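Taken in order, these protein sequences are the chains called V and E.
Per the working numbering, residue 472 is the first one in the first sequence, and the count goes up by one each step.
Per the working numbering, residue 48 is the first one in the second sequence, and the count goes up by one each step.
Think of the CB as a built atom: it goes at the ideal place given N, C-alpha and C, for glycine as much as any other residue.
All values derive from a computational prediction rather than experimental measurement.
Working notes for the structure below.
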Amino acid sequence: MFENRAVGLALTLPAALFAAALFILPVGILLSEAFQGENGFSVQAYIDFFSSGRNQTVFWRTLKLAAFVAGVSAVIGYAAAFCIVSLPPTSRGRMFGLVTLPLMISPVARTYAWLVILGRTGFVNAILVDIGIMDTPARILFTETAVFIGLLQLFLPLMIISLVSAMENMPRDAIPAARILGANWFQVFTRVILPLTREGLVIGGTLVFTGSMTAYITPAILGGSKVLMLETLLYQRVTVANDFVAASVIAMILIVMAFSANLLLKRIATARKTRA
Amino acid sequence: MKKLLCTTAAALIATGAQAQDRTLTISVYSFAQDEFKELVYDPFEAICDCELVVETGNSVERMAKIEANAASPVIDMAVVSTHDALAAARKGLLQPIDVSKLESYDKLYDLAKDPIGDNMAVGYTFYATSIVYRSDMIDSVDSWADLLGPELAGNVALPDVTTNQGPPTLHMIGKAMGDTDPSLAAPIQAVADHADDIVTFYVRSSQLAQLMQQEEIWAAPVGRFAWGQFKDSGLPLAWATPKEGQTGGMNVMVMTKDNGNEDLALQFMDFWLSTDIQKALAEALVDSPANAEVEVSDEIAENLTYGAETANSLDLIPADVILDQRENWLAEWNAKVLQ
């Protein structure tokens with residue numbers, strides 16, 4: 472684009488310097504603490520971290536909840552995105568606005584609302600008792616279920632937005648063509664929609680998985696210390712124990728998990744592409 | 048004459064400039080800073096002819112800052128819990144407070160005079176910790192053991208072991224069980240055995256009023272300093288007086304080592320401990336007074352940890368026990384309760 476390559480490089484230099492000096496360098500220093508032992512490089516901090524039963528529980532819980540939230544949001548997201556793209560343009564814009572509306576409300580306010588809705592005297596329990604599913608209100612708050620619901624509501628819009636934009640780029644005739652050729656709706660979804668929207672799924676899945684894994688407010692308020700996740704554990708290690716080594720270990724684990732999730736999703740998408 | 052006037056004016060300006068150069072940097076809890084500014088900081092600045100720099104934050108951050116700048120202190124005086132003060136003293140970050148220069152020192156309750164030894168700290172407020180409960184849901188709470196009893200099963204919140212209320216609560220549960228070993232192994236095991244009956248292990252007492260309102264919990268151990276917010280909720284709530292007594296905690300003032308600002312820091316401490324200021328803080332329901340001369344109305348006293356009898360009856364965990372056992376408690380708690 473630029474006649475002189477140096478001009479292009481010069482233009483990117485301020486942003487690169489900014490990122491290197493104020494983000495990559497400090498994060499690198501922080502994370503390097505997790506590899507320092509008494510005699511230089513060491514992975515002892517990781518061995519110590521994973522040798523604790525509590526930390527293992529927290530690690531698996533974080534992985535499980537994040538994967539579960541990403542999976543369920545993909546299912547709901549596809550249904551919602553399909554409905555939205557089938558609407559006429561004006562209604563589509565309105566629906567899209569409704570989907571993005573929660574993103575404009577502070578996560579703290581949204582999560583506090585769940586505290587009221589999921590409480591024993593809250594809306595959910597009132598309905599469950601009224602329609603006779605339960606005799607007495609259930610304890611939902613401070614359980615994994617509460618954290619799951621909170622995270623799902625928090626990140627579902629990201630999945631829907633990603634899938635809507637992927638579906639909008641799909642050839643308009645693809646679905647009618649598949650139907651005419653005798654495919655049932657399940658086949659339409661697995662053979663046509665899924666392969667053509669895989670980029671959106673990878674982006675949405677990564678955003679939702681990483682977001683759920685690194686969310687702090689929702690697990691802290693709806694889960695408390697009985698449902699610790701890696702992010703709430705990290706906070707606890709820093710503020711209570713002043714243990715920056717364990718905190719760096721957790722930060723490194725979160726980064727590795729986020730990259731792994733992205734690579735895995737891309738791999739799945741590529742495999743489908745090859746097969747298709 | 049003209050020359051004399053000029054010289055006097057110059058001298059006055061110089062004195063003024065010198066006075067403004069005096070700066071006292073204090074490190075305090077983030078709690079109730081608007082009230083502290085109005086009742087303590089502004090009035091002190093008005094009489095000391097100095098600038099007061101106030102740094103706030105949680106205990107860990109503030110202690111870390113004091114430790115990181117030990118060679119050339121950036122904080123002159125700090126207010127912390129007794130065990131944080133002892134931790135700092137053991138690390139050599141503090142110097143003894145010259146209590147002979149504190150006019151209000153003799154007015155303090157005995158437990159506030161030298162809580163960690165060697166005059167390394169002076170208590171400025173203390174609080175009782177007991178159990179708040181919904182009196183419409185449960186008849187009465189008579190013992191700390193009731194927290195784990197059948198009546199409250201599934202309706203009680205306990206403080207997390209990492210909070211200031213956590214260890215004292217466990218200490219009292221242990222006392223009710225007849226086990227006062229500082230390892231707290233027995234009460235931690237008891238809590239672990241009843242973990243499913245406990246709604247949550249809270250980190251901030253501010254969330255409890257809402258949980259009480261939502262009938263999520265019927266009872267929780269809390270510090271008296273939070274009682275005001277419960278009373279204001281309009282719910283039928285009561286403050287239990289368990290047969291094992293009440294526990295609690297104390298906050299203290301400390302002087303950082305070699306800060307070079309000792310006289311001003313002592314002046315500020317004395318100001319804060321004076322009867323007038325302690326009374327003003329008590330009447331604003333900010334801090335219970337450590338100054339025994341403070342007298343407040345019954346209505347105010349009701350919301351505080353007030354009076355010699357109350358002060359002397361508190362079953363406090365000694366600071367050295369908290370400090371020496373804290374890591375063990377956390378490890379034991381993580382292994383048994385959060386497993």
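Annotated as proximal: E:A175 and E:T352, with beta-carbon spacing under 8 Å. Looking at the backbone, the Cα of E:V188 and that of E:L141 are separated by about 42 Å.
Ranking V:G695, V:F553, V:G682, V:F539 by CA distance to the CA of V:I726 puts V:G682 first. With a minimum length of 4 residues, the unbroken runs of alpha helix (DSSP H) contained wholly in the region 665-721 of chain V fall at 669-685, 701-710.
Measuring C-alpha to C-alpha distances from V:Y517 to each of V:F660, V:I604, V:A717 identifies V:A717 as the nearest. Using a 10 angstroms sphere on the CB of V:L734, the tally of other CB atoms stays under 16, which defines it as exposed. With at least 16 other beta carbons inside 10 angstroms of its own, V:G590 counts as buried.
When Cβ-Cβ separations below 8 Å define contact, V:L612 makes contact with chain E. Under the 10 Å beta carbon count, E:F272 is surrounded by 16 or more other beta carbons and is classified as buried. Residue pairing of E:V100 in beta bridges, as defined by DSSP: E:T72. Among the residues of chain E, those whose CB is under 8 Å from the CB of V:T710 are N105, V107, E108, following chain order. Annotation: Cβ neighbours of V:T592 in chain E (cutoff 7 Å, chain order): Q261, E262.
Chain E has no Cβ within less than 8 Å of the Cβ of V:G621. By the C-beta density criterion, E:E150 is exposed, having fewer than 16 other C-beta atoms within 10 angstroms. What E:V246 touches in chain V, judged by beta-carbon distance under 8 Å, is R610, L612, F613, going in chain order. Under DSSP, the beta-bridge partners assigned to E:L141 are E:T303. In the displayed model, V:R581 falls within a helix according to three-state DSSP. Straight through space, the alpha carbons of V:F489 and E:V169 are spaced by roughly 47 Å. Distance from the CA of E:D371 to the CA of V:F512, rounded to the nearest whole angstrom, comes to 31 Å.
Beta-bridge partners of V:I651 (DSSP): none assigned. In the three-state DSSP reduction, E:P289 falls in the coil class, being neither helix nor strand. For V:F539, the enclosing alpha helix (DSSP H) begins and ends at 524-557.
Per DSSP, E:T247 is not a residue of any alpha helix (DSSP H); the beta strand (DSSP E) it occupies stretches across 245-249. Between the alpha carbons of E:I369 and E:G296 lies a distance of about 11 Å. Secondary structure at E:L284: strand, using DSSP grouped into helix, strand and coil. Taking a contact to require three or more Cβ pairs closer than 8 Å, the region 679-695 of chain V and the region 635-643 of chain V do not qualify as touching. Going by C-alpha positions, V:L629 is about 14 Å away from V:G621. Contact annotation: V:I631 and V:G568 have beta-carbon atoms that are not nearer than 8 Å. Taking a beta-carbon distance threshold of 8 Å, E:N375 does not count as an interface residue toward chain V.
Within the same chain, Cβ atoms closer than 7 Å to the Cβ of V:L705 are found at A718, I721, A722, the five residues on either side in sequence being excluded. If only complete runs of 4 or more residues are kept, the region 194-264 of chain E shows the alpha helix (DSSP H) at 213-224, 232-240, 255-260, in order along the chain.
For V:V716, the closest Cβ of chain E is not nearer than 8 Å. In this chain, the beta strand (DSSP E) harbouring E:S128 covers 124-128. Inclusion of E:N202 and E:V246 in the CB contact set at 8 Å is warranted, their separation being smaller than that value. Counting along the chain, E:T176 sits inside the beta strand (DSSP E) bounded by residues 169-181. The beta carbon of E:E82 sits closer than 8 Å to the beta carbons of L328, A331, V333 from its chain, once the five residues preceding and following it are set aside; these are given in chain order.
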